[in-house]
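Enquirer: Before we start, here is the structure in question, set down as structure tokens.
Residue numbers (this note's numbering): 316 to 1314.
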């Protein structure tokens, strides 16, 4: 008690109370997973109750004070707002302001304020949520304060004055009384600002916010609901953000509760994004579960406005309930999703959108003829790409579509065949993908197809129920997929196509004869077909395609036949050099040992012509056939099966033939090929140089005979044991060796083989392909092969693999597989005093590998399989000044993405580049402006008088990629696209619904 009889607590008492509270807080912390600050609320409330307590806490509990300093900052901020706004007490405001400043200087932090209101007992109660976040942690501290009365201009100004480190201000749920412009001078550090407009709100008060130096995001909500769109956009046109400040985007958002409400926006040059959608995640973001639609638009405030038209002319008003829209200025793409009640003819004003060059329309509606009329080029507007999904065009629409002469890339569907004739007017058309639905083709309408295919400059795809045609004009390749019961006579007009050198035909089983089509090609003066591929014809009788043998320009033929009767007619071809008959590219088995088909008549004719150089057949050769095929003096390459490998006479004739490359396939791995190889080894005049054995591992007896064929320069085989493989060293002229992994899962240790290769193999081996994993020990042996110039291998996860860099003359390294980074290997190559490595192909699993590869200055060819998340240092490859060829592939691994714009420095610095290939996976794609940027760079660094144009090839797994639409100079750059067509199978087009904004 003091002299007046009052109870007075000393400093010691306060400290004991504080200690007691701390103990209780620690007990709560041990029993809960919530944040530390949450458990110490009682302590924070205690020390903020009286100024001396705060100093006492800081002095006697320094460590705990430092742990809770940001929570204290949050509490002090709440207290100061309460004192200044609610005027709840007469406490020492200056003390807390000073203390907060001290915290801010010692532990910098950012403040976020979110203002809102809630309904309670028929009253609107305003509140503010305070968030405090340190610069060195992701944890936030929060506090909530109820406010007395409405949020006014003066209240906000007071709060902003208190908090110089205010980074985020959210007024999303309230509409302050008065103007907000007065707070600008107190928001110099503000980075995020969100404001909601109310009825009668002054929409011209926000221009000053555009000049806030640190502002990154500025969002204004409910412009549409305010009804002041014209006033707002009139004022927006006068907004100016200095170029010296960081870029700032103004975002406008509206939740459209009444779908009959029209939406108005301005198509200024600064408009960068626009969307009307029904996405659930957007509704959640806005905390408005009852919203039917969400509207968003974005304007770049740093962009200088050059719009010559008035604001009224720039405004577009559309009915929100009839259409869903997405526009991105970077892509120049407008995506429109319709419904059956949509009046798209009223959307012609969308042609005002800045940089619009691509149009995608989803779903069906009434006629779009008037809308297409608005898309006709005018002024600087020129639509380059049109894609219409699930929209079958009628005659009026086709007429209007044909007037868009600027279009280069078109995908659409027709209801009638004759309608596509109008597309012949599109002289700039490069890529075309159309489907004709629900109409039967006849001899008259089929004549329209070659005309349209000829108009398209690069690639055209035409599909219907009966067939699918793809014409790749630059590649001179025509692909036809034949459906069931198609009369090939309808395809005969295709023979009028000029410049076709390759013809590929696929079909369902039991298709009708194609002889009329081949006869048309054979008799047409325009035909110059050199290669025909019938590999994907299923269950084909040769007689159904026999007229093919009358196309005398054929040099290469690949086919799959279930019945070979009449195949001797192929011997009538005067220019046939390469003949391949098989079914499956991996197995290739069509015929059995019991087949009674004899190819002797064919071989006799081919022998008379003496033109053919390569022959492959997945049929067991009978001895008679072996003898006769051996008489073809021009034949250099043979790929076959043998039904009888014990007939010494026929095998001796084969060994005495002109064949230089032999591939032996085996139906039965137990069959011995000893006699076959003995025939070659015993013939001193054999011309055999390359030998490949598939589907079988060699035993010691077989390898013993092969080792005697001294003329062999290439051997491709699997071996049953290391002892068997060691016989390789007996081949004195071996230059290229391929060692396969053993069939049947047997594991062979090739350590001894590699040791022998080092010590016994003649100085001739230049190319080595090891199709089994190797580790440190194997690499040590390989490093001693001084003659080796090319190595292809699979690397195990072992240290020390960098020893491979010691291979003295290695010029090419192909790493097929590796399961860990090999940056140490690449570093070893880069550190060589006289680097020899010219070509490298490898998977990439980390950015460190890119960094080390970029230091191998001798590289002229680099192929990368991308197996990592987005890489941020691809630009490092720009240090490879000798690089001539670059290929980067997204191999389908999740999140493996090529950042194409990261490659731009490579085009700038690697001025010897001849070709670049980028292969994107299903969800990958180059940046919209990538090709344009490359073109600009090449024009600044290359001289077309001294260099050929660079070839840029872009592979896509999508069916219709986002082609570049800008003009490029073909003296500097040639761009080609490889992408999926409709797919082999002919199916009717779906009328179902597609995803919201599919490719």
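We put the beta carbon where it would ideally sit given N, CA and C, even for glycine.
Small disclaimer: the values here were computed from a predicted structure and weren't measured.
Determine the DSSP secondary structure at residue 1177, reduced to helix, strand or coil.
Expert: Residue mapping note: residue 1177 aligns to position 862 of the chain shown, counting from 1. In the structure shown, residue 1177 sits in a strand (DSSP, three-state: E or B).
Enquirer: Tell me which residue opens and which closes the beta strand (DSSP E) that residue 1127 is part of.
Expert: One-based indexing of the chain shown puts residue 1127 at position 812. Element bounds for residue 1127: 1127-1133.
Enquirer: Sorted by chain position, which residues of the same chain lie with C-beta nearer than 7 Å to residue 963's C-beta, five sequence neighbours on each side aside?
Expert: Along the chain shown, read from residue 1 onward, the residue named residue 963 stands at position 648. So the list reads 990, 994, once near-sequence residues are dropped.
Enquirer: Any idea if residue 826 is buried or exposed, counting beta-carbon neighbours within 10 angstroms, 16 or more meaning buried?
Expert: Stepping through the chain shown from its first residue, residue 826 is reached at position 511. By the 10 Å Cβ count, residue 826 comes out buried.
Enquirer: Alpha carbon to alpha carbon, how far is residue 417 from residue 1183?
Expert: Reading the chain shown from its first residue, position 102 is the one you call residue 417. Reading the chain shown from its first residue, position 868 is the one you call residue 1183. The straight-line gap from Cα to Cα measures roughly 46 Å.
Enquirer: So, under 8 Å CB-CB, residue 976 and residue 1011 are touching, yes? Tell me the CB distance rounded to an integer number of Å.
Expert: Position 661 of the chain shown, counted from the first residue, corresponds to residue 976. Position 696 of the chain shown, counted from the first residue, corresponds to residue 1011. Actually they are not in contact, since the Cβ atoms of residue 976 and residue 1011 sit about 18 Å apart, beyond 8 Å.
Enquirer: Ignoring anything shorter than 4 residues, give me the alpha helix (DSSP H) runs that lie fully in the segment 981-1069, in order along the chain.
Expert: 989-996, 1015-1021, 1037-1040
Enquirer: Please state whether DSSP places residue 1294 in a helix, a strand or coil.
Expert: What you label residue 1294 is simply residue 979 of the chain shown in a count that begins at 1. In this structure, residue 1294 counts as strand in the three-state DSSP scheme.
Enquirer: Taking all protein chains shown into account, decide if residue 866 is buried (16 or more other Cβ within 10 angstroms of its Cβ) or exposed.
Expert: Start at 1 with the first residue of the chain shown, and residue 866 comes out as number 551. Flag for residue 866 reads buried.
Enquirer: Per DSSP, what kind of secondary structure is residue 703 in: helix, strand or coil?
Expert: Within the chain shown, numbered from 1, the residue matching residue 703 stands at position 388. DSSP places residue 703 in strand when its eight states are reduced to three.
Enquirer: Give a yes or no on whether the C-beta atoms belonging to residue 1032 and residue 1001 are separated by under 7 Å.
Expert: Translated into the one-based positions of the chain shown, residue 1032 becomes position 717. Translated into the one-based positions of the chain shown, residue 1001 becomes position 686. Result no, Cβ atoms of residue 1032 and residue 1001 do not sit closer than 7 Å.
Enquirer: Taking 8 Å as the cut-off, does the segment 454-461 touch the segment 475-483 (at least 3 CB pairs, one atom from each stretch)?
Expert: Contact fails between the segment 475-483 and the segment 454-461, because fewer than three Cβ pairs, one in each stretch, are under 8 Å apart.
Enquirer: Let's test the definition: count the other Cβ atoms within 10 Å of the Cβ of residue 335 and tell me whether it reaches 16, buried, or not, exposed.
Expert: Residue numbering aside, residue 335 sits at position 20 when the chain shown is read from its first letter. Under this definition residue 335 is an exposed residue.
Enquirer: Let me check understanding here. Comparing Cα to Cα, which of 487, 462, 534 lies closest to residue 506?
Expert: Taking the first residue of the chain shown as 1, we reach residue 506 at position 191. It is 534 whose Cα lies nearest to the Cα of residue 506.
Enquirer: Under 7 Å, do residue 843 and residue 868 count as touching if we go by C-beta distance?
Expert: Reading the chain shown from its first residue, position 528 is the one you call residue 843. Reading the chain shown from its first residue, position 553 is the one you call residue 868. Their beta carbons are under 7 Å apart, which means residue 843 touches residue 868 by this criterion.
Enquirer: Can you tell me whether residue 954 is buried or exposed? The criterion is at least 16 other CB atoms within 10 Å of its CB, across all chains shown.
Expert: On the chain shown, position 639 is the one that residue 954 refers to. By the neighbour-count rule (16 or more Cβ atoms within 10 Å), residue 954 is buried.
Enquirer: Nearest CA to the CA of residue 472: which residue from 391, 497, 1215?
Expert: Translated into positions along the chain shown, residue 472 becomes position 157. Per the C-alpha coordinates, the member of 391, 497, 1215 positioned closest to residue 472 is 497.
Enquirer: Please list the terminal residues of the continuous alpha helix (DSSP H) segment that includes residue 919.
Expert: Position 604 of the chain shown, counted from the first residue, corresponds to residue 919. It spans 915-924 - the alpha helix (DSSP H) in which residue 919 sits, taken as one unbroken run.
Enquirer: Just grab the DSSP bridge partners of residue 458 for me.
Expert: For the purposes of this step, residue 458 is taken as the residue at position 143 of the chain shown. BP columns for residue 458 point to 445.
Enquirer: With respect to the beta strand (DSSP E) encompassing residue 874, which residues constitute its N-terminal and C-terminal limits?
Expert: Position 559 of the chain shown holds residue 874. 871-874 is the extent of the beta strand (DSSP E) around residue 874.
Enquirer: So, residue 1272 versus residue 1241, is the Cβ gap smaller than 7 Å?
Expert: For the purposes of this step, residue 1272 is taken as residue 957 along the chain shown, with counting starting at 1. For the purposes of this step, residue 1241 is taken as residue 926 along the chain shown, with counting starting at 1. Going by C-beta atoms, residue 1272 is not nearer than 7 Å to residue 1241.
Enquirer: Considering Cα atoms alone, identify which of 1206, 1262, 1252 is closest to residue 1239.
Expert: Position 924 of the chain shown, counting from 1, holds the residue named residue 1239. Nearest of 1206, 1262, 1252 to residue 1239, Cα basis: 1206.
Enquirer: Counting pairs of beta carbons, one from the segment 633-653 and one from the segment 671-680, are three or more of them closer than 8 Å?
Expert: yes
Enquirer: Thinking C-alpha only, which one of 1187, 817, 708 is nearest residue 790?
Expert: The residue given as residue 790 occupies position 475 in the chain shown. Comparing Cα-Cα distances from residue 790 to each of 1187, 817, 708, the minimum goes to 817.
Enquirer: Looking only at its chain, what residues have a beta carbon closer than 6 Å to the beta carbon of residue 600, apart from the 5 residues adjacent to it on each side?
Expert: Within the chain shown, the letter at position 285 stands for residue 600. Low local confidence applies: a pLDDT of 43 at residue 600 is under 50, so the model's placement there is unreliable, and no value is given.
Enquirer: Can you give me the C-alpha to C-alpha distance between residue 695 and residue 608, rounded to a whole angstrom?
Expert: Numbered from 1 along the chain shown, position 380 holds the residue referred to as residue 695. Numbered from 1 along the chain shown, position 293 holds the residue referred to as residue 608. Roughly 33 Å between the two C-alpha positions.
Enquirer: For residue 558, which residues from the same chain have a beta carbon less than 7 Å from its beta carbon, with the 5 sequence-adjacent residues on both sides left out?
Expert: Here residue 558 refers to the residue found at position 243 of the chain shown. Here the set comprises 617.
Enquirer: Heavy atom of the ligand SAH less than 6 Å from the Cβ of residue 491, yes or no?
Expert: As presented, the structure is devoid of all ligands, the ligand SAH included, so that no description of it is given.
Enquirer: Would residue 1153 pass as a contact of residue 1175 if the rule is Cβ separation under 7 Å?
Expert: As a working mapping, residue 1153 is identified with position 838 in the chain shown. As a working mapping, residue 1175 is identified with position 860 in the chain shown. Yes, these two residues count as a Cβ contact at 7 Å.
Enquirer: Measure from the alpha carbon of residue 1189 to the alpha carbon of each residue in 1162, 1199, 1172, then state which is nearest.
Expert: Here residue 1189 corresponds to residue number 874 of the chain shown, with the count starting at 1. Selected option, being the one with the closest Cα: 1162.
Enquirer: Just curious, the beta strand (DSSP E) that residue 688 is in, first and last residue?
Expert: For this step, residue 688 is matched to residue 373 along the chain shown. Here residue 688 belongs to no beta strand (DSSP E); instead the alpha helix (DSSP H) covers 684-689.
Enquirer: From the DSSP secondary-structure annotation, give me the bridge partner or partners of residue 634.
Expert: By one-based count along the chain shown, residue 634 stands at place 319. Paired residue(s): 577.
Enquirer: Is the Cβ-Cβ distance between residue 796 and residue 821 less than 7 Å?
Expert: Residue numbering aside, residue 796 sits at position 481 when the chain shown is read from its first letter. Residue numbering aside, residue 821 sits at position 506 when the chain shown is read from its first letter. It is a contact, given that the beta carbons lie within the stated cut-off.
Enquirer: Nearest to residue 1232 by alpha carbon, out of 1288, 1194, 1196, 1252?
Expert: If you number the chain shown from 1, residue 1232 lands on position 917. If we check each option's Cα against that of residue 1232, 1288 comes out closest.
Enquirer: Report the three-state DSSP secondary structure of residue 840 (helix, strand or coil).
Expert: Along the chain shown, one-based indexing puts residue 840 at 525. Reduced to three states, the DSSP call for residue 840 is coil.
Enquirer: Starting from the Cα of residue 770, find the closest Cα among 761, 1112, 959, 741 and give me that residue.
Expert: Within the chain shown, residue 770 is the residue found at index 455, counting from 1. Out of 761, 1112, 959, 741, 741 has the C-alpha closest to the C-alpha of residue 770.
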